[in-house]
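Working notes, structure below.
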C-alpha cells in the first residue's frame with residue numbers, strides 16, 4: 011500500500027486481482043482508505059467468499075456501498091479457527107477504532123473491594139490485575155459504587171481501611187477509631203481473634219449472606235448478655251439494627267446469583283447499551299455505554315459487538331465474566347461467543363436471549379435505563395450545541411466554533427504548581443484530550459511563566475505540515491486570568507506563528523473574575539484588541555464559558571492537591587544523604603516510628619543497626635535544623 015495526500019487522485023483498488031489471490035481459510039480482514047487508515051475490520055469462516063460479497067453489483071446495504079467506495083487496500087490475517095478470528099477481530103477493532111465498525115469506547119477496568127491477607131486484613135478499593143493476595147468482591151460498575159460500599163462497611167464492620175504503611179507507623183489510635191469507624195488493631199485495641207471475627211462477618215456480608223451475618227450477631231449478642239458483657243452486647247445490637255436497615259434498602263434477587271443484563275435503546279443512528287450487574291443475588295449497580303454505530307446497523311449487530319468487545323480478550327478475566335449474560339436479541343455467533351467466554355472465564359457462560367419471569371423484568375429495567383440515559387444525553391447535547399451557537403454570536407467566527415480549550419494554573423504559595431488544559435466540543439467535555447502539566451523551571455508563584463510553560467507543552471511542537479495536529483487546533487483558547495496572562499499567550503502564539511509558519515491560530519480570550527469573584531460577573535478580554543466584553547448573567551454563552559472555566563479550575567486544583575498530598579507524605583528521611591530505603595526501615599523499626607526518630611538523641615540514633623556515628627550526627631543535625 012502507498013500513502014496519498016488529499017490533492018492527489020484517489021488510487022483505484024483492483025479487487026479482481028486481489029480476490030484471485032486471497033485464501034479460502036478462516037481469518038480476519040482489514041480494509042484501508044486512501045489515507046492508509048483502517049476503516050473496517052471483519053472476520054470470516056471463508057475469507058475469499060466473504061470478501062467477494064463486497065464487490066457484487068448489488069450489495070444491498072447502503073453502509074456497505076459507502077464502505078466499498080473508500081476501499082484502497084485490504085490486508086488479511088489467516089487464523090486456525092473461527093474462534094481465533096473472533097478474538098483477533100475484536101482486538102483489531104479496539105486498536106484501530108474503524109469508522110464502519112460498531113465501537114465501544116471504554117477500556118477502563120472495573121473496581122473491586124479487596125480484603126487483604128494480613129494479620130489484620132485491610133478493606134479497600136482495588137483496580138487492575140489481581141496481584142495482591144486476598145478476597146476480591148465485585149466487580150462494581152463504578153468507583154462511586156465502591157466508595158459507597160466502603161462508607162457503609164465502616165458503619166457496620168469497622169475493620170481498617172488505611173494503607174499498610176500508615177498502619178505500621180501508628181503509635182496511638184487515629185481519628186477513624188475515635189469516630190467508631192475502625193477497631194484500631196494497629197495499637198491492640200482489639201484482640202486478633204475478635205478482629206478476625208469481624209473480618210469473617212464482613213466477607214459473609216459482601217457475599218450477599220447478610221441473614222447469616224445477623225444470625226451470628228444475634229447469637230453473639232445473647233452470649234455476651236448472659237455473661238453480663240453489656241458493652242459487647244450493645245455493639246452487636248447496633249450492628250444488627252444497621253444490617254436490617256440495609257437489608258430493607260437492597261433488592262435481593264431470587265434466582266439471579268450471578269448475571270449481567272444488557273438493555274438496548276435506539277434513536278435513529280444513536281444507541282445506548284445499559285449493563286445491569288447482579289452478583290451474589292443483589293444488584294451491584296449499572297453503567298450506560300454509547301457505542302459509535304454506523305448507519306444501517308441492526309440491533310442484533312450492536313448486541314453481538316458489545317458482548318464481543320466488552321468481555322472477549324479484555325481486562326475481564328477469571329471471576330469477572332458472569333455465569334449468565336441476558337440480552338434482548340439473539341445473534342448469528344451466539345454459540346461461538348459463549349464458548350470463547352467460557353474458555354476465558356474458566357467456567358460455563360450462558361448467553362440467554364429468550365427470557366421469562368425475573369430475567370424479563372431485569373431486561374425491562376435495563377432497557378428503561380438505556381432509554382433514560384440516551385434521552386438525557388441528547389438533552390445535554392442540544393443544550394451544549396445551543397450554547398456553542400450563542401457563543402459564536404458573540405465572537406462571530408466565520409467557520410463557527412467546534413472546539414474550545416481552556417488553561418488554568420493552580421499552586422499554593424508558588425509550590426507544587428500544576429497547569430490544566432481542558433477541551434470541549436459541541437457534545438461537551440472531551441476528557442480523553444485533557445492534559446495536566448507539572449510546571450517546573452520557573453520562579454515560584456510566577457503565573458505568567460507557568461502559563462507560557464503550559465502553552466509550550468501543549469502547542470510547542472505544532473508545525474504547519476502537521477495536518478493531524480492542526481485538525482485538533484481549537485477555534486478558541488480561553489485563558490483563566492486577566493490581561494497579563496492573556497498577553498503571555500499572545501506572545502507565545504506570535505512567536506510560534508513566526509517560527510512554524512502557521513496560517514491559523516486560535517482566538518485568544520481571557521476570562522477575568524469580577525471584583526466580588528461571583529459567578530455572572532466575569533469579564534471576557536478579547537485577544538489582540540483587549541476589548542472588554544461583559545455578557546448578561548442569563549446568557550447561554552456566558553454559561554458555557556463558566557462551565558469550561560470551572561472544569562479547567564477543577565482539573566487543575568485536583569492535580570495540585572494530589573501533588574501536594576504526595577509531597578506531604580514524603581518522609582523527611584528521604585532528603586538526607588546516605589539514608590536509603592533499608593536504613594529508613596531500620597530507623598523506623600528500631601525506634602518505633604517517625605516521631606520517635608525525631609525525638610531520639612544522638613546516642614539512641616547510634617544504636618540503630620547500620621547507622622554509623624557519622625551518619626547519626628548528620629541525621630540528628632538534619633532533623634533538628636542544624
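In my numbering, the protein residues as written are 11 to 636.
Using N, Cα and C, we set each Cβ at its ideal position, and we do this for glycine too.
Nothing here was measured: the structure is a model prediction, and the numbers come from that model.
A buried status is given to residue 132, since no fewer than 16 other beta-carbon atoms sit within 10 Å of its beta-carbon. Inclusion of residue 461 and residue 498 in the CB contact set at 8 Å is warranted, their separation being smaller than that value. Distance check between residue 454 and each of 428, 477, 471 places 428 closest, using alpha-carbon atoms only.
Beta-bridge partners of residue 297 (DSSP): 285.
Within the same chain, Cβ atoms closer than 8 Å to the Cβ of residue 227 are found at 211, 246, 249, 250, 253, the five residues on either side in sequence being excluded. Residue state for residue 214 is assigned as helix, using DSSP reduced to three classes. Using a Cβ distance threshold of 8 Å, residue 449 and residue 562 do not count as a contacting pair. One thing to note: residue 49 has its Cβ within 8 Å of the Cβ of residue 77.
Assignment of residue 431 by DSSP, reduced to helix, strand and coil, places it in the strand class.
Contact between the segment 482-497 and the segment 386-395 is absent: fewer than 3 CB-CB pairs across the two stretches fall below 8 Å. Between the beta-carbon of residue 135 and that of residue 162 there is about 13 Å, and that puts the pair past the 8 Å contact cut. Residues 272, 274, 337, 338, 339, 341 of the same chain have their beta carbon placed closer than 7 Å to that of residue 313, with the five preceding and five following residues left out of the count. In the three-state DSSP reduction, residue 422 falls in the strand class (E or B).
Counting C-beta pairs with one atom in each stretch, the segment 48-67 and the segment 118-129 have fewer than three that are closer than 8 Å, which means they do not touch.
For residue 147, the uninterrupted beta strand (DSSP E) segment begins and ends at 144-147. With fewer than 16 other beta carbons inside 10 angstroms of its own, residue 591 counts as exposed. Our two residues, residue 279 and residue 315, have alpha carbons roughly 15 Å apart in a direct line. When secondary structure is reduced to three states using DSSP, residue 23 falls in the coil class, being assigned neither helix nor strand. Residue range 457-469 is occupied by the alpha helix (DSSP H) that includes residue 457. Between residue 489 and residue 470, the C-beta gap is not smaller than 8 Å, which leaves the two residues out of contact. By the Cβ neighbour-count rule, residue 542 is exposed, with fewer than 16 other Cβ atoms within 10 Å of its own.
Here residue 243 has 231, 234, 235 as same chain residues with Cβ atoms under 6 Å from its own Cβ, once five neighbours each way along the sequence are excluded.
For residue 26, the number of other beta carbons within 10 angstroms of its own is below 16, and it is reported as exposed. Looking at the backbone, the Cα of residue 319 and that of residue 362 are separated by about 18 Å. When C-alpha distances from residue 55 are compared across 349, 70, 414, 87, the shortest belongs to 87.
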